[in-house]
């Protein structure tokens, strides 16, 4: 079946540090891949997405590249800020399905 | 354009009581979803709908019922609440076409506690 695996958190970084949150997936065909962010007390918001192999999604300094050969969609940011503290979810939507599959989430804390 | 709204934001129930959570979206989206979020378990799909008048079971449907009588509304019902249903519930919607196709829009969540 379809599944998403994320690195376990929590991840604690100092401001301006480099961020990587690993995400790998299992799916048939060519799923669409997403990163969602959830700030405290709020719902999830789409951060970025990629719909085909080698696509790079980017937003607010975050980037992730759809790697079909390694079935990965790692999230990166070159310099994190305190305001990036949140929970990050990797997700996929199968090419032949209607429902999204989410990873367990990775909590990021950025210290000043 | 309010996006996805959920009512209520918070609720405390006693075991055995019933309640209905309301989700409304004003983006004319076809697909709507109900998830529950529990610590360390991410989001789990309860029920979903691919259009007005249609519903289907997700990963964890037991103890819940849903209805989609109008395209813009998706109701989640708990007939006899149990402590295991203590969770944060999120509604989401997705459109079939347009530049934001495939993007899920989430509501702010309903925090439910069952005593």
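Protein chains in written order, with my numbering: chain P, 1 to 112; chain U, 1001 to 1115.
Note that CB positions come from ideal geometry on N, CA and C, so glycine has one too.
Item                                                                                                                                                                                : Value
Just to make sure I have the definition right: I need the residues of chain P whose C-beta is within less than 8 Å of the C-beta of residue 1050 (chain U). Which are they?         : 98
Take the Cβ of residue 4 (chain P) as the centre, count every other Cβ of all protein chains shown within 10 Å, and call the residue buried at 16 or more, exposed below.           : buried
Return the chain-ordered list of same chain residues with a C-beta closer than 6 Å to the C-beta of residue 53 (chain P), the five sequence neighbours on each side being excluded. : 66 and 68
Looking at chain P, is there any beta carbon in it that lies within less than 7 Å of the beta carbon of residue 1010 (chain U)?                                                     : no
Between residue 43 (chain P) and chain U, is any beta-carbon pair separated by less than 7 Å?                                                                                       : yes
Looking only at its own chain, which residues have a Cβ that is under 7 Å from the Cβ of residue 1078 (chain U), when we skip the five neighbours before and after it?              : 1018, 1019, 1063, 1064 and 1085
What's the gap between the Cα of residue 86 (chain P) and the Cα of residue 39 (chain P)?                                                                                           : 5 Å
Out of curiosity, what's the CA-to-CA distance linking residue 61 (chain P) and residue 77 (chain P)?                                                                               : 6 Å
Which of the three DSSP states is assigned to residue 82 (chain P) in this structure?                                                                                               : helix
Determine which residues share a DSSP beta bridge with residue 13 (chain P) and list them.                                                                                          : P:110
Is it buried or exposed, residue 1083 (chain U), if we count other Cβ atoms within 10 angstroms and call 16 or more buried?                                                         : exposed
Using the three-state DSSP reduction, which class does residue 45 (chain P) fall into: helix, strand or coil?                                                                       : strand
Would you mind reading off the limits of the beta strand (DSSP E) that contains residue 1073 (chain U)?                                                                             : 1073-1078
Does DSSP put residue 1084 (chain U) in a helix, a strand or coil?                                                                                                                  : helix
Give the interface partners of residue 1064 (chain U) over in chain P, defined as CB-CB distance under 8 Å, in chain order.                                                         : Near residue 1064 (chain U) there are no residues of chain P at all, since even the closest Cβ is about 16 Å away, more than 8 Å.
Use the C-beta contact count for residue 28 (chain P): other C-beta atoms within 10 angstroms, 16 or more gives buried, fewer gives exposed.                                        : exposed
So, at 6 Å on beta carbons, what are the nonlocal neighbours of residue 1056 (chain U) in its own chain, with the 5 sequence-adjacent residues on each side left out?               : 1048
List the endpoints of the continuous beta strand (DSSP E) containing residue 18 (chain P).                                                                                          : Neither: residue 18 (chain P) is in no beta strand (DSSP E) and is coded neither H nor E.
Could you confirm whether any beta carbon from chain U is found closer than 7 Å to the beta carbon of residue 58 (chain P)?                                                         : no
Should residue 105 (chain P) be flagged as near chain U, meaning a C-beta pair shorter than 7 Å?                                                                                    : yes
Does DSSP classify residue 76 (chain P) as helix, strand or coil?                                                                                                                   : strand
Could you tell me the distance, in whole angstroms, from the CA atom of residue 93 (chain P) to the CA atom of residue 16 (chain P)?                                                : 32 Å
Whose C-alpha, out of U:1007, U:1042 and U:1113, is nearest the C-alpha of residue 1081 (chain U)?                                                                                  : U:1113
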